[in-house]
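Remarks on the structure that follows.
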Amino acid sequence: MRVYKLIGILIFSTGLLVLFYKKSGFYGFGGYIDKSWENIIISSILIGIGILILKKR
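Going letter by letter, the sequence shown gives residues 55 to 111 in the numbering used here.
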């Protein structure tokens, strides 16, 4: 049970780190591409999985 709690906390904290990760976008074929939506989606998924693991156990 402690292992699942540790895994849940690690996934949750990784989601928070991705949320606050600031990196500029890049120039692609269509112009400047911002990565903020990508970071928000990834962090939301990681935070959700972490919460589910913590609530389940």
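The beta-carbon is built from N, C-alpha and C at its ideal position, and this holds for glycine as well.
Remember, it's a predicted structure, so these values are computed and weren't measured experimentally.
What's the gap between the Cα of residue i and the Cα of residue j?
{"i": "Met55", "j": "Ile87", "result": "42 Å"}
{"i": "Ile94", "j": "Ile103", "result": "14 Å"}
{"i": "Lys109", "j": "Ser98", "result": "16 Å"}
Locate the beta strand (DSSP E) running through residue i, then write down its first and last residues.
{"i": "Gly85", "result": "85–87"}
{"i": "Phe80", "result": "80–82"}
Would you mind working out which of the options sits nearest residue i, comparing C-alpha positions?
{"i": "Phe74", "options": "Leu108, Trp91, Ile107", "result": "Trp91"}
Apply the 10 Å Cβ neighbour rule to residue i and answer buried if 16 or more other Cβ atoms are within range, or exposed otherwise.
{"i": "Gly84", "result": "exposed"}
{"i": "Ile63", "result": "exposed"}
How far does the alpha helix (DSSP H) with residue i in it reach, from first residue to last?
{"i": "Phe66", "result": "56–73"}
My understanding is that residue i touches residue j, with C-beta atoms under 8 Å, so please give their C-beta distance in whole angstroms.
{"i": "Leu106", "j": "Gly69", "result": "That pair is no contact at about 12 Å."}
{"i": "Gly79", "j": "Lys89", "result": "5 Å"}
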